[in-house]
Amino acid sequence: RKPTLAVVGATGAVGTVMLDILSTRPDVWGEIRLVASARSAGTVLQVRGEGVEVRALAPGVFDGVDVAMFDVPDEISADWAPVAAARGAVVVDNSGAFRMDPDVPLVVPEVNPEAVADRPKGIIANPNCTTLTMMAALGALHRRWRLTELVVASYQAASGAGKPGIDRLRAELAVVAADETLGTTSGDVRRAVADALDEGVDGRFPFGAPLALNVVPFAGSPKDDGWSSEELKVRNESRKILGSPDLKVSATCVRVPVVTTHSLAVHATFAEELTADEARAELEQAPTVVVQDDPATGVYPTPADVVGQDPTYVGRIRQALDFPRTLDLFVSGDNLRKGAALNTAEIAELVAAELTGRDQG
Ligand code: 2RA
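Residue numbers for the sequence shown follow full-length UniProt numbering, beginning at 5 and rising by one.
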């Protein structure tokens with residue numbers, strides 16, 4: 005029997021990509037149930053070429069479900085993932101609610117697939133998209149040279165904030181495209197966006213400042229000592245996924261006016277000396293990593309090219325001039341695919357293989 009899958013949060017930005025992924029990957033699922041808030045119940049969405057009616061989130065929707073993928077806000081996962089698990093589903097959760105719970109594995113299939121099996125709560129967590137964007141590449145390098153220090157700056161797309169984030173960026177872009185004088189004097193973009201969109205009073209812009217014609221050196225919510233939630237997630241989650249509790253990590257998370265695809269500038273230090281050529285060769289062997297690295301001819305990853313693709317793209321691989329065990333590199337990955345839906349689907353497929361094997365055994 006093929007396992008039954010529930011997709012909770014089927015109508016969101018990640019949920020929409022998930023339905024596409026489920027329609028194009030090898031089909032390991034029997035029934036696929038779509039679940040969302042009561043507001044979306046009754047909507048019919050296409051998955052695997054068929055219309056499926058969305059059900060309202062309620063305990064009964066998990067009856068008979070083998071695997072439940074959640075892509076909903078933290079507080080909804082916190083309440084409902086245990087409900088699904090109690091009814092017998094293995095939950096793969098893409099919220100931040102359980103990622104650092106010691107009884108919940110945090111899984112990137114290229115790095116720590118074995119962790120899937122150790123899930124005392126019946127819940128497996130999917131990492132934050134910013135961390136995930138670099139994990140396939142860093143995992144490959146870590147296996148060979150052991151990562152000891154990681155300094156990153158992120159370039160995060162608007163869709164990290166879901167559909168509202170995409171809508172907001174497009175609305176701001178429409179405002180600035182209409183006036184070619186904008187971007188020439190201090191505060192002109194801020195005033196134009198605030199006036200046109202009527203909600204951007206100082207300090208209340210959804211991204212903290214206008215995102216069109218701008219970059220915003222903050223992503224996530226404020227935490228102690230000036231850090232953002234995103235920056236702390238990069239640190240904590242990288243340590244957990246790589247199994248390196250002492251890994252030194254420092255991150256600066258920045259929002260850029262890109263619709264989808266996060267990038268990171270990575271400064272990674274290893275226990276062993278390595279050259280850029282050795283690292284490039286290692287990354288070329290990694291099945292889900294694509295190396296695009298010939299800057300002299302303009303070959304490097306950019307979000308506009310990477311969006312919609314499954315692999316992690318890596319370029320600008322350099323040996324840091326003053327640091328013999330350190331590489332500098334640039335990574336781009338679609339934050340809705342590998343950064344969210346795809347990694348969740350891959351984890352769910354590992355569970356499906358385990359359940360199917362158990363049935364056969
Ligand atoms: C963001 N990483 O980019 C977050 C979403 N999970 O906003």
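We put the beta carbon where it would ideally sit given N, CA and C, even for glycine.
Item, Value
"Within this structure, are the beta carbons of Leu268 and Thr188 separated by less than 8 Å?", "no"
"Can you say whether Gln50 is buried or exposed, counting buried as having 16 or more other CB atoms within 10 angstroms of its CB?", "exposed"
"Excluding five sequence neighbours on each side, which residues of the same chain lie with their C-beta closer than 7 Å to the C-beta of Ile170?", "Ala17, Ala162, Ser163, Val263"
"Going by beta carbon distance, what residues of the same chain come within less than 8 Å of Pro291, once the five residues before and after it are set aside?", "Glu114"
"With Leu26 as the anchor, note down where its alpha helix (DSSP H) starts and where it stops.", "17-28"
"Give a single yes or no on whether Gly46 has its beta carbon closer than 7 Å to a heavy atom of the ligand 2RA.", "no"
"Which residue's Cα is closest to the Cα of Glu57: Ser41, Val193, Val71?", "Ser41"
"Do you know offhand how far Lys237's Cα is from Ala272's?", "17 Å"
"Would you call the segment 339-359 and the segment 22-42 touching, i.e. three or more CB-CB distances under 8 Å?", "yes"
"With respect to the beta strand (DSSP E) encompassing Gln50, which residues constitute its N-terminal and C-terminal limits?", "48-51"
"Considering only the beta carbon of each residue, do Ala213 and Arg195 sit closer than 8 Å?", "no"
"May I have a chain-ordered list of the alpha helix (DSSP H) segments no shorter than 4 residues that lie completely inside the segment 228-298?", "233-246, 280-289"
"Hey, quick one: how far does the alpha helix (DSSP H) through Met139 stretch, first residue to last?", "133-149"
"So, for Thr47: in the same chain, excluding its five sequence neighbours on each side, which residues have a beta-carbon less than 8 Å away from its beta-carbon?", "Thr15, Ala40, Glu57, Val58"
"If the criterion is Cβ atoms closer than 8 Å, does the pair Leu154 and Lys252 meet it?", "yes"
"For Leu354, which three-state DSSP category applies?", "helix"
"Any chance the CB of Glu234 is under 7 Å from a heavy atom of the ligand 2RA?", "yes"
"Quick check: the Cα distance between Met104 and Lys244, rounded to an integer number of angstroms?", "8 Å"
"Since I believe Pro307 is in contact with Thr265 (beta carbons under 8 Å), could you give me their beta-carbon distance rounded to a whole number of angstroms?", "4 Å"
"Is it the case that the Cβ atoms of residue 411 and His146 are separated by a distance below 8 Å?", "In the structure as shown, the chain begins at 5 and stops at 365. Residue 411 is therefore absent and cannot be evaluated."
"For Ala178, report the span of its beta strand (DSSP E) as first-last.", "That residue, Ala178, is in no beta strand (DSSP E); its alpha helix (DSSP H) goes 166-181."
"Tell me whether the beta-carbon of residue 2 lies closer than 8 Å to the beta-carbon of Phe102.", "Nothing about residue 2 can be read from this structure; the chain reaches only from 5 to 365."
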